[in-house]
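A.B. asks: The working numbering puts the first residue of the sequence shown at 1, with every later residue one more than the last. I'd like to ask you about the structure that follows.
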Amino acid sequence: MAPVDFPRNALNFLVFLIVLPIVLSWHLFKHTFSQGNKPWKRIIADATFRWIVITQRIPFIATLVGPGRRTYISWCNRNSIEPQIEDIKAGAQLFWIAKKPSGRVILYLHGGGFALPMGYYSLKFWRYVQSKLVDAGCEVSIAILDYTLVPEAHFPVPLVQTVAALNHLLTEGFKPEDIQLLLHMAHPLDGIESLDPGIKLRGAYLMSPWLYLIPRDGVQSYLENGGRDVVASKAQYAEFGAGVLGGVKRAEDLAYLEASHTPPSWYRDVGEVADRVLITAGGHECLRDDIVEFGSAFCEAHGNAKLLVDTCGIHDDPFNDFMLGEEVWAELTPAIVQWFADGFR
Numbered sequence: 001m002a003p004v005d006f007p008r009n010a011l012n013f014l015v016f017l018i019v020l021p022i023v024l025s026w027h028l029f030k031h032t033f034s035q036g037n038k039p040w041k042r043i044i045a046d047a048t049f050r051w052i053v054i055t056q057r058i059p060f061i062a063t064l065v066g067p068g069r070r071t072y073i074s075w076c077n078r079n080s081i082e083p084q085i086e087d088i089k090a091g092a093q094l095f096w097i098a099k100k101p102s103g104r105v106i107l108y109l110h111g112g113g114f115a116l117p118m119g120y121y122s123l124k125f126w127r128y129v130q131s132k133l134v135d136a137g138c139e140v141s142i143a144i145l146d147y148t149l150v151p152e153a154h155f156p157v158p159l160v161q162t163v164a165a166l167n168h169l170l171t172e173g174f175k176p177e178d179i180q181l182l183l184h185m186a187h188p189l190d191g192i193e194s195l196d197p198g199i200k201l202r203g204a205y206l207m208s209p210w211l212y213l214i215p216r217d218g219v220q221s222y223l224e225n226g227g228r229d230v231v232a233s234k235a236q237y238a239e240f241g242a243g244v245l246g247g248v249k250r251a252e253d254l255a256y257l258e259a260s261h262t263p264p265s266w267y268r269d270v271g272e273v274a275d276r277v278l279i280t281a282g283g284h285e286c287l288r289d290d291i292v293e294f295g296s297a298f299c300e301a302h303g304n305a306k307l308l309v310d311t312c313g314i315h316d317d318p319f320n321d322f323m324l325g326e327e328v329w330a331e332l333t334p335a336i337v338q339w340f341a342d343g344f345r
């Protein structure tokens with residue numbers, strides 16, 4: 001992935017800021033004549049996010065977001081929470097929300113196409129989920145894996161760091177049946193086989209999983225939702241994908257990244273490493289058809305898996321409610337909280 005050209009990107013970002021009010025006004029105007037019921041804050045958040053992705057280069061977006069550690073410490077300070085950061089093997093770190101010495105834990109592997117760091121709004125989402133689980137009688141810790149991004153490291157480094165994080169939790173005293181995952185790729189489910197034999201996690205949730213790093217031709221949801229989703233075109237997904245695949249050195253690693261390279265038999269064995277699986281997609285996201293195709297086959301192979309599609313949702317829709325506030329609009333969010341709660345009972 002190309003280095004950041006700050007003069008060029010600064011000029012580009014200035015143009016972005018000048019045009020942004022026009023873009024937001026247009027989206028709000030369109031919304032007044034649509035059948036959707038998103039609040040105006042979500043319209044602004046989605047349109048801003050989409051316009052950033054359309055107009056800015058990936059390395060510059062990563063610079064704007066800032067390192068995950070800085071984002072986490074800033075969020076903790078703003079909420080009067082003592083940061084809890086742990087170094088683990090393979091050069092990664094865990095950021096904690098409400099860590100308990102043992103008990104139940106959710107391990108989160110953030111999205112961003114292996115190139116973008118964790119966003120501030122994802123911490124707000126997890127604080128909300130954690131508080132709702134507590135209200136439901138489920139004391140739970142949240143551990144966020146800060147893995148090494150492209151281009152500093154390439155796959156399989158994130159997979160190695162995921163396994164290191166799980167081993168760290170087990171060493172800390174968390175039992176496999178008390179660990180659930182949330183991830184945006186399918187690869188860690190395959191890599192869990194690297195853990196000690198017989199370890200079976202309680203559950204894994206795949207939110208808007210990115211399954212084909214280079215988009216396939218003829219996928220209808222890219223055509224339908226190019227004007228709705230925040231990652232808005234095949235070209236943008238292909239740019240993210242090329243940055244990841246360009247660093248893969250071994251052909252055998254492609255099976256962990258690309259659904260087209262993954263043997264169908266792999267997913268038949270996932271029930272041996274994760275007791276339950278939830279897969280969700282947004283009806284208005286470009287990846288919808290890929291996810292539905294994968295999810296349907298996965299649910300047939302796994303006896304305790306569920307596929308949910310949020311009718312008007314976009315990519316990673318539940319997180320986007322927390323960009324400009326904490327009003328929950330996404331219809332998936334209550335189902336997500338319930339799914340985690342059911343797994344911990």
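Glycine included, C-beta positions come from ideal geometry on N, C-alpha and C.
1. Which two residues bound the contiguous alpha helix (DSSP H) that contains Trp-75?
2. Which one or two residues does DSSP pair with Thr-280 in a beta bridge?
3. Report back the beta-carbon spacing between Ala-45 and Val-23 to the nearest angstrom; my notes put them in contact at under 8 Å.
4. Can you tell me which residues form a DSSP beta bridge with Trp-96?
5. I want to know whether the segment 219–234 touches the segment 295–303 - three or more CB-CB distances under 8 Å.
6. Closest to Glu-331 by C-alpha separation, out of Ser-131, Ile-314, Leu-324 and Met-323, would be which residue?
7. If Leu-213 sits next to Leu-245, beta carbons under 8 Å apart, how far is it from one beta carbon to the other, in whole angstroms?
8. Does the contact criterion of 3 or more C-beta pairs under 8 Å hold for the segment 206–220 versus the segment 80–89?
9. Can you tell me whether DSSP reads Gln-56 as helix, strand or coil?
10. As a quick exercise: from Gly-295, Val-160 and Arg-104, pick the residue whose alpha carbon is nearest that of Ala-143.
11. Under the assumption that Gln-130 contacts Ile-179 (Cβ atoms under 8 Å), give the Cβ distance between them as a whole number of angstroms.
12. Can you tell me the Cα-Cα spacing of Ile-199 and Ser-25, whole angstroms?
13. At a cut of 8 Å, does the segment 57–69 reach the segment 117–137 through at least three beta carbon pairs?
14. Along the alpha helix (DSSP H) that carries Arg-104, what are the first and last residues, could you check?
15. Can you give the Cα-Cα distance for Ile-43 and Leu-28, rounded to whole angstroms?
16. Name the one or two DSSP bridge partners that Gln-180 has.
C.D. replies: Looking at the atomic coordinates:
1. Taking the sequence shown and counting its residues from 1, the one referred to as residue 75 is at position 75. Element bounds for Trp-75: 68–78.
2. Reading the sequence shown from its first residue, position 280 is the one you call residue 280. For Thr-280, the beta-bridge partners assigned by DSSP are Met-207 and Leu-308.
3. By one-based count along the sequence shown, residue 45 stands at place 45. By one-based count along the sequence shown, residue 23 stands at place 23. The C-beta distance from Ala-45 to Val-23 rounds to 13 Å, too long to meet the 8 Å contact threshold.
4. By 1-based counting over the sequence shown, the position of residue 96 is 96. Under the DSSP definition of a beta bridge, Trp-96 partners with Ala-143.
5. Contact between the segment 219–234 and the segment 295–303 is absent: fewer than three C-beta pairs spanning the two stretches fall below 8 Å.
6. On the sequence shown, position 331 is the one that residue 331 refers to. Residue Ile-314 holds the alpha-carbon nearest to the alpha-carbon of Glu-331 among Ser-131, Ile-314, Leu-324 and Met-323.
7. The residue you call residue 213 lines up with position 213 of the sequence shown. The residue you call residue 245 lines up with position 245 of the sequence shown. Separation of the CB atoms of Leu-213 and Leu-245 is rounded to 6 Å, and the pair is thereby assigned contact status at 8 Å.
8. Counting Cβ pairs under 8 Å, fewer than three are found: no touch.
9. Residue numbering aside, residue 56 sits at position 56 when the sequence shown is read from its first letter. It is coil, neither helix nor strand.
10. Counting from one through the sequence shown, the residue named residue 143 turns up at place 143. With distances taken between CA atoms, Ala-143 lies nearest to Arg-104 out of Gly-295, Val-160 and Arg-104.
11. Residue 130 sits at position 130 when you count from the first residue of the sequence shown. Residue 179 sits at position 179 when you count from the first residue of the sequence shown. Distance from Gln-130 to Ile-179 at the Cβ level is roughly 15 Å; contact not present, criterion being Cβ atoms closer than 8 Å.
12. Reading the sequence shown from its first residue, position 199 is the one you call residue 199. Reading the sequence shown from its first residue, position 25 is the one you call residue 25. When rounded, the distance between both Cα atoms is 52 Å.
13. Of all C-beta pairs linking the segment 57–69 to the segment 117–137, three or more are shorter than 8 Å, placing the two stretches in contact.
14. For this step, residue 104 is matched to residue 104 along the sequence shown. That residue, Arg-104, is in no alpha helix (DSSP H); its beta strand (DSSP E) goes 104–109.
15. For the purposes of this step, residue 43 is taken as the residue at position 43 of the sequence shown. For the purposes of this step, residue 28 is taken as the residue at position 28 of the sequence shown. Taking the straight line from one Cα to the other gives about 7 Å.
16. Within the sequence shown, numbered from 1, the residue matching residue 180 stands at position 180. The secondary-structure analysis by DSSP pairs Gln-180 across a beta bridge with Ile-106 and Gly-203.
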